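Asks: For the sequence shown, numbering that gives the first Met the number 0 assigns the number 0 to the initial residue and increments by one for each residue that follows. Just so it is clear, CB atoms sit at the ideal spot from N, CA and C, and this is done for glycine as well. Because the structure is a prediction, the values reported are computed rather than measured. One structure, as structure tokens, below. Some questions next.
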Amino acid sequence: MGLSSSRKMVPQREKDMREGSEGDRTPQQARLRSETKHGIAVVLLFAATLILVLSYVNVAGGVGKVLKESMEAGFGIPMVFIPLGIGFIAYALMRPADYMFRWTNILGLVLSLLAITGFFHLFIPLDQAVDAVGEFHGGGYAGLILSYPLQRLMGPWASGVVLLAAFIISLLLVFDTSLKHLAERASFLERISARFGRFRDRMNAHLDSTGDEDEGTQTEETDFERREVTGSNQVSTASPEESATEPSKTPQHIAETVQGTLFPGLRKQKRTIVVPLDLLEANGQKPASGDVGAIKELIRKTLETFGIPVEMDEVHVGPTVTQYTLKPAEGVKLSQLTTLSNDLALALAAHPIRIEAPIPGKALVGIEVPNKSVAIVRLRQVLASEEFKKRKSNLTLALGMDVAGHPWVADLDAMPHLLLAGATGSGKSVMINSIVLSLVFQNSPDELKLILVDPKRVELPVYNDIPYLLTPVVTQVDKTINALRWVVGEMDRRFDVLSQHGKKDIREFNASMKDSSMPYIVVIVDELADLMAVAMREVEGAIIRLAQMARAVGIHLIVATQRPSVDVITGLIKANITSRIAFSVASVVDSRTILDVSGAEKLLGKGDLLFMSAQLSKPRRLQGAFIGTQEIERVANFLRQKGKPDYLTDIVQKTMIDESIGGNFEDLGDDELLSQAKELVIKAGKASASLLQRRLRVGYARAARLLDLLEEQGIIGPGEGAKPRDILVSRPAGTNTGGETVDSNDGENEEYS
Numbered sequence: 000m001g002l003s004s005s006r007k008m009v010p011q012r013e014k015d016m017r018e019g020s021e022g023d024r025t026p027q028q029a030r031l032r033s034e035t036k037h038g039i040a041v042v043l044l045f046a047a048t049l050i051l052v053l054s055y056v057n058v059a060g061g062v063g064k065v066l067k068e069s070m071e072a073g074f075g076i077p078m079v080f081i082p083l084g085i086g087f088i089a090y091a092l093m094r095p096a097d098y099m100f101r102w103t104n105i106l107g108l109v110l111s112l113l114a115i116t117g118f119f120h121l122f123i124p125l126d127q128a129v130d131a132v133g134e135f136h137g138g139g140y141a142g143l144i145l146s147y148p149l150q151r152l153m154g155p156w157a158s159g160v161v162l163l164a165a166f167i168i169s170l171l172l173v174f175d176t177s178l179k180h181l182a183e184r185a186s187f188l189e190r191i192s193a194r195f196g197r198f199r200d201r202m203n204a205h206l207d208s209t210g211d212e213d214e215g216t217q218t219e220e221t222d223f224e225r226r227e228v229t230g231s232n233q234v235s236t237a238s239p240e241e242s243a244t245e246p247s248k249t250p251q252h253i254a255e256t257v258q259g260t261l262f263p264g265l266r267k268q269k270r271t272i273v274v275p276l277d278l279l280e281a282n283g284q285k286p287a288s289g290d291v292g293a294i295k296e297l298i299r300k301t302l303e304t305f306g307i308p309v310e311m312d313e314v315h316v317g318p319t320v321t322q323y324t325l326k327p328a329e330g331v332k333l334s335q336l337t338t339l340s341n342d343l344a345l346a347l348a349a350h351p352i353r354i355e356a357p358i359p360g361k362a363l364v365g366i367e368v369p370n371k372s373v374a375i376v377r378l379r380q381v382l383a384s385e386e387f388k389k390r391k392s393n394l395t396l397a398l399g400m401d402v403a404g405h406p407w408v409a410d411l412d413a414m415p416h417l418l419l420a421g422a423t424g425s426g427k428s429v430m431i432n433s434i435v436l437s438l439v440f441q442n443s444p445d446e447l448k449l450i451l452v453d454p455k456r457v458e459l460p461v462y463n464d465i466p467y468l469l470t471p472v473v474t475q476v477d478k479t480i481n482a483l484r485w486v487v488g489e490m491d492r493r494f495d496v497l498s499q500h501g502k503k504d505i506r507e508f509n510a511s512m513k514d515s516s517m518p519y520i521v522v523i524v525d526e527l528a529d530l531m532a533v534a535m536r537e538v539e540g541a542i543i544r545l546a547q548m549a550r551a552v553g554i555h556l557i558v559a560t561q562r563p564s565v566d567v568i569t570g571l572i573k574a575n576i577t578s579r580i581a582f583s584v585a586s587v588v589d590s591r592t593i594l595d596v597s598g599a600e601k602l603l604g605k606g607d608l609l610f611m612s613a614q615l616s617k618p619r620r621l622q623g624a625f626i627g628t629q630e631i632e633r634v635a636n637f638l639r640q641k642g643k644p645d646y647l648t649d650i651v652q653k654t655m656i657d658e659s660i661g662g663n664f665e666d667l668g669d670d671e672l673l674s675q676a677k678e679l680v681i682k683a684g685k686a687s688a689s690l691l692q693r694r695l696r697v698g699y700a701r702a703a704r705l706l707d708l709l710e711e712q713g714i715i716g717p718g719e720g721a722k723p724r725d726i727l728v729s730r731p732a733g734t735n736t737g738g739e740t741v742d743s744n745d746g747e748n749e750e751y752s
């Protein structure tokens, strides 16, 4: 009875709360939105700017004349900077996403204007300072008030130092930046000015010169300077047309890699490709979270209905969800909160609700409510963010934005491998494309090599023939296995090189061997389930071996699947790949298969994901960066124009176990017993798993594997049920086996040595 009555009370309270919230919204609807206020302010500021400009040229009537005379008397010659400052404020208000304008910025503009007026009046003698105001000399009354007492107290030179310091401080306030970034902006302007000067000189020389020799020399010098400024690990903001013209004399196809090595430093000339950000789409739309105040109150009252008093805290509006943070009262168990997700979803009419208890690093609980409209996070937004610019490695991945709308990046070098899994259509393939482009934007083809595997044959073939590939996009299972064998062999070869040079990892080696540096290799497998269904043992063995050892030599693995089951994402794969991304899945079982925790079943799809790594205590919810098909094609076509790939044909060819490249990855553990097994079966005159188990003291699986290896090498024949296998090679002379003799002159037999 008590339970039924309490359930009846909830709808009545919910009705009262909604009526109360509607009543609260009535006066709020009469207020202007912040966007409307900004729009009105922008129009007024631009109008004031135009009126000032018209007043300066005497076309604003009597009001303009009075305004001009007032500006001349008040600020003198620096009055020309006032319309620029007002226009800058209007521009900043018009683009709040790019420039967050505050009162400190206005203070900086005012301080810069006063410093400039003081400078202009500083060069006027003290006895003429007052008369100069009326003659439109110096900085007007503002300059007089600033410079006159300074000159009387400190003289002109010290006064200039004070005004210069004030001007620099004003710039720091206006741009809200540091001295380092301010110096970078200044050097950028100097480079622009110097380049314009060189262009002007070159044009004059072109018009006046009668020969082509001097003109060609100047062009070569300009191209060299351009290559020096634009490093290979920078993200360019130039247009595609500008980037496509440099360097004009660099051949597109450069000499092939020296056979048997992947050291691009041995090339005659290194390739430098700067991919412009203009190839990607600009910012997307903003999310719509609804009435934040009403939802906060509804959450608080709903929790109070269940006897959980809370204090509401900050609200973070993200691209997919809005996180409402709250602090429970003392004595409230978090388990009481986490079990109320369905009740909150009913009260808020939003599903699904995810509760993060507690938020890492805070004494708060987060309730994530889906937005009414989801914002698209463009890859360009993340690549242009400060978080990406401050990256420590050129293997940084632009993942997307968190629930607070902050860009989120991750270092593949620190992961060092990544597993992606989720249901069909949840955004897995889009994330793979974002990862590929993130790597391409940071590295040149000589610094990074890619091996792309796409058994579905629909997502990754668009990257064929870009200069970053070591082999065309692999779409066949047998070629994929061969490619994995090659990567394992390349890993072993690199370890040998590091050992010979006394280096512990690829960074130390590249730092000491700049002329023959190793490129990083990233292997991306778009669908693991198809490979595991055909060759589970081989694929799992390769992934485990690479995940355990490949980081030190600059080889990284990114594996994705749309079937998150235990026969695809095995325990050994999960144990060796600790960094994982889970997209929307159908059940909590699938979520635990990927992340070992629940939560992915409550994701919304379309790029909504949970990211987990060794550096995070709990999975972090992100909205993945979106990259469209047209953007991918534009970048791929741009890269094809800049150079051709240097394909290695032996990557997808069948790798025999006796090759120097490293052989089959499963054979490496049996090498020490393989020779003993050969000798044993030759002396015994027969071959069987039980024989190898007894004599070599190994398990059945390893004994069976040794038999397979002996069969591949032509030592023994195929199995015939329970019978021992035939020996196909001759025994050494004088060996008494006590078994069946083998005709050494049989034409089908091979000489054993």
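Rounded to whole angstroms, what is the Cα-Cα separation between R379 and G627?
Replies: If I take the Cα positions, the gap works out to 11 Å.
Asks: Check whether the stretch 564-579 touches the stretch 606-619, counting contact only when three or more Cβ pairs, one atom from each stretch, lie closer than 8 Å.
Replies: Output reads yes: the stretch 606-619 touches the stretch 564-579.
Asks: Confirm, please, whether the CB-CB distance from V173 to L108 is below 9 Å.
Replies: Yes, the Cβ-Cβ distance between L108 and V173 is below 9 Å.
Asks: Less than 9 Å between the beta carbons of K685 and D649, yes or no?
Replies: No, Cβ-Cβ distance for K685 and D649 is not below 9 Å.
Asks: Taking buried to mean at least 16 other C-beta atoms within 10 Å of its own C-beta, is H405 buried or exposed?
Replies: Burial call: exposed.
Asks: Alpha carbon to alpha carbon, how far is D514 from V452?
Replies: Their backbone Cα atoms lie some 30 Å apart in a straight line.
Asks: For F625, which of helix, strand or coil comes out of DSSP?
Replies: If DSSP states are grouped into helix, strand and coil, F625 belongs with the strands.
Asks: Touch check for the stretch 551-571 and the stretch 399-419: three-plus C-beta pairs under 8 Å?
Replies: Segments in contact, yes.
Asks: Relative to the C-alpha of G159, which residue among F122, A635 and G330 is closest?
Replies: Nearest option by C-alpha distance: F122.
Asks: For the stretch 588-595 and the stretch 440-460, state whether three or more C-beta atom pairs, one from each stretch, are separated by less than 8 Å.
Replies: With the cut-off at 8 Å, the stretch 588-595 and the stretch 440-460 do not touch.
Asks: Please state if the CB of V439 and the CB of L638 are separated by a distance shorter than 9 Å.
Replies: Result yes, Cβ atoms of L638 and V439 sit closer than 9 Å.
Asks: Quick check on the burial criterion: 16 or more other C-beta atoms within 10 angstroms. Buried or exposed for S433?
Replies: Answer is buried; the Cβ neighbour count reaches 16.
Asks: Assuming R487 and R544 make a contact with CB atoms under 8 Å, what is their CB distance in whole Å?
Replies: Per the sequence presented here, residue 487 reads as Val, with Arg not at that position. That belief holds up - the Cβ atoms of V487 and R544 are roughly 6 Å apart, short of 8 Å.
Asks: Roughly how many whole angstroms lie between the Cα atoms of V368 and L571?
Replies: So the alpha carbons of these two residues sit roughly 36 Å apart.
Asks: Tell me whether G117 counts as near the ligand MG, meaning its Cβ is closer than 8 Å to at least one heavy atom of that ligand.
Replies: With respect to the ligand MG, the structure shown offers nothing to examine, as it has no ligands at all.
Asks: Between L447 and I554, is the Cβ-Cβ spacing less than 9 Å?
Replies: Taking 9 Å as the Cβ cut-off, L447 and I554 do not qualify as a contacting pair.
Asks: In three-state terms, what does DSSP make of M70?
Replies: Residue state, collapsed to three classes: helix.
Asks: Would you report the Cα separation of L162 and L92, rounded to the nearest angstrom?
Replies: The alpha-carbon atoms of L162 and L92 are separated by roughly 29 Å.
Asks: Using the C-alpha atoms, what's the distance from I88 back to F45?
Replies: When rounded, the distance between both Cα atoms is 9 Å.
Asks: Taking the C-alpha atoms as reference points, what is the distance between K455 and A403?
Replies: Each residue's alpha carbon lies about 35 Å from the other.
Asks: Note down, in chain order, each residue of its chain lying with its Cβ closer than 6 Å to the Cβ of I272, except the 5 sequence neighbours on either side.
Replies: Once the five neighbours on either side are set aside, the close Cβ partners of I272 are S443 and K641.
Asks: With a 10 Å radius around its C-beta and 16 neighbouring C-beta atoms as the bar for buried, classify L112 as buried or exposed.
Replies: Buried, by the Cβ-count rule.
Asks: Roughly how far, in whole angstroms, is the beta-carbon of Q622 from the beta-carbon of G399, given that I think they are within contact range, below 8 Å?
Replies: The Cβ separation is near 5 Å, so the contact holds.
Asks: Put G61 into one of helix, strand or coil per three-state DSSP.
Replies: Here G61 sits in helix by DSSP.
Asks: Tell me whether the stretch 323-335 and the stretch 352-372 touch, counting them as touching only if at least three CB pairs, one residue from each stretch, are closer than 8 Å.
Replies: Touching, yes, given that three or more Cβ pairs across the two stretches are closer than 8 Å.
Asks: In its own chain, which residues sit with a C-beta less than 6 Å from the C-beta of V587, not counting the 5 before and 5 after it?
Replies: Excluding positions up to five away in sequence, the list reads S597 and E600.
Asks: Span of the beta strand (DSSP E) holding A420?
Replies: Taken as a continuous stretch (DSSP letters only), the beta strand (DSSP E) holding A420 covers L417 to A420.
Asks: With a CB to CB cut of under 8 Å and the five nearest residues on each side skipped, what residues in its chain are close to V634?
Replies: V274, L278, L279, L436 and V439, listed in sequence order.
Asks: Consult DSSP for Q284 and reduce its assignment to one of helix, strand or coil.
Replies: Reduced to three states, the DSSP call for Q284 is coil.
Asks: Look up Y519 in the DSSP assignment and say whether it is helix, strand or coil.
Replies: Looking at Y519 - three-state DSSP - the assignment turns out to be strand.
Asks: For R377, write down the residues that DSSP places opposite it in a beta bridge.
Replies: The partner list for R377 (beta bridge, DSSP) reads F625.
Asks: Tell me, please, which residues DSSP counts as bridged to F610.
Replies: The partner list for F610 (beta bridge, DSSP) reads I580 and R619.
Asks: Could you give the uninterrupted runs of the alpha helix (DSSP H) lying entirely in the stretch 95-166, keeping only those of 4 residues or more?
Replies: Within the stretch 95-166, the complete alpha helix (DSSP H) runs of at least 4 residues are 102-121 and 128-133.
Asks: In whole angstroms, what separates the C-alpha of H315 from that of T569?
Replies: So the alpha carbons of these two residues sit roughly 37 Å apart.
Asks: From what residue to what residue does the alpha helix (DSSP H) around Q335 run?
Replies: Unbroken alpha helix (DSSP H) run through Q335: L333 to T337.
Asks: What separation, rounded to the nearest whole angstrom, lies between the Cα atoms of R299 and P308?
Replies: Distance between the alpha carbons of R299 and P308: 7 Å.
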